[in-house]
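Residue 234 in this note's numbering is what sits at position 231 of the sequence shown, and the numbering runs on without skipping anything. For each residue, glycine too, the CB sits at the ideal point set by N, CA and C. Below is one structure, written out as structure tokens; the observations come after it.
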Amino acid sequence: MTMEKKQKIITPRVVIQLFVFVVAVPFLPLIISGQWDWWEAWVYGFINVGGFAVSRLLAARRHPDLIAERAQFMKHENVKPWDKKLAPIMGIGGGLIPLVAGLDELLQWSPEFNMPLKIVAFILLLAGYALGFYALVENRFFSGMVRIQSERGHHVVSGGPYRWVRHPGYAGAILSYLATPLILDAAWAFLPAVLLLIVLIVRTSMEDKVLHEELSGYPEYAGRVRFRLFPGLW
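In structure tokens, the structure reads:
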């Protein structure tokens with residue numbers, strides 16, 4: 004990637020978005036609650052920030068143009084109209100989970116979950132992030148918006164986690180959504196997590212329909228990989 008292209012990607016808008024969503028949002032539970040000895044929240048925050056950094060470095064090395072694609076979030080002209088609404092909801096919803104968790108801790112709404120359950124939740128969180136990051140690194144067309152990327156030679160990606168389900172990035176996100184309230188002792192955070200899960204399933208269904216209709220080779224791929232998100236279920 005040339006220096007000129009890097010400068011176009013790293014704009015003030017992108018820097019602000021990265022700071023808010025990558026640095027500030029994961030640490031909202033600590034910021035809101037003021038409980039600076041809350042080790043689960045520290046671990047959760049560092050997993051988010053570290054995972055983002057590592058996955059983007061790997062993706063940039065393998066597909067430099069993917070970073071530029073994702074930096075154009077909400078700026079592409081051929082995005083599906085319905086995704087102009089769903090994509091921002093997904094972004095905001097992802098921040099609501101740690102926000103509610105911080106309020107839950109501050110106001111002591113929920114009792115603590117036991118340690119074995121938290122360990123399982125941490126495993127699910129790491130598995131969800133690993134699946135999502137694997138999909139990001141494997142798929143050169145892993146855009147933040149639903150669109151056919153004709154100018155980038157968009158084609159079906161069937162390797163890596165795409166051998167198991169058709170939308171592994173979304174499947175990984177679901178695991179992380181459901182694990183977070185358990186890690187942060189925030190039963191009330193299941194409310195935005197479940198609502199976000201519903202939105203994500205709707206988005207998956209609509210995106211899958213677009214790919215069937217507009218991406219060459221996708222119906223054949225879907226015939227081989229039957230499930231969208233949940234092996235054996237859907």
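- Taken in chain order, the unbroken stretches of alpha helix (DSSP H) that lie wholly in the stretch 85–154 and span 4 residues or more are 86–110, 118–141.
- Around V168, the same chain offers A174, V228, F230, R231, L232, F233, P234 as residues with beta carbons nearer than 8 Å, after the five sequence neighbours per side are excluded.
- With respect to the C-alpha of A133, the residue from A71, S58, R73 having the closest C-alpha is S58.
- Contact between G220 and V160 does not hold, since their C-beta atoms are separated by about 10 Å, which reaches or exceeds 8 Å.
- Counting C-beta pairs closer than 8 Å gives fewer than three between the stretch 135–142 and the stretch 195–206, which falls short of the contact rule.
- For E43, the enclosing alpha helix (DSSP H) stretches over residues 42–65.
- Sequence-distant Cβ neighbours of H66 in its own chain, meaning closer than 6 Å and more than five residues away, are R143.
- For the 8 Å CB-CB criterion, W191 and D68 do not form a contact.
- For the pair of segments examined, the stretch 112–127 was found not to touch the stretch 146–165: the number of CB pairs separated by less than 8 Å stays below three.
- Annotated as distal: I34 and F125, with beta-carbon spacing of 8 Å or more.
- Taking the C-beta atoms as reference points, A104 is found nearer than 8 Å to A189.
- In the same chain as G96, and ignoring 5 residues on each side of it, the C-beta atoms closer than 8 Å to its own belong to P195, L198, L199, V202, in chain order.
- Here P164 has L134, Y137, A138, E141, P171 as same chain residues with Cβ atoms under 7 Å from its own Cβ, once five neighbours each way along the sequence are excluded.
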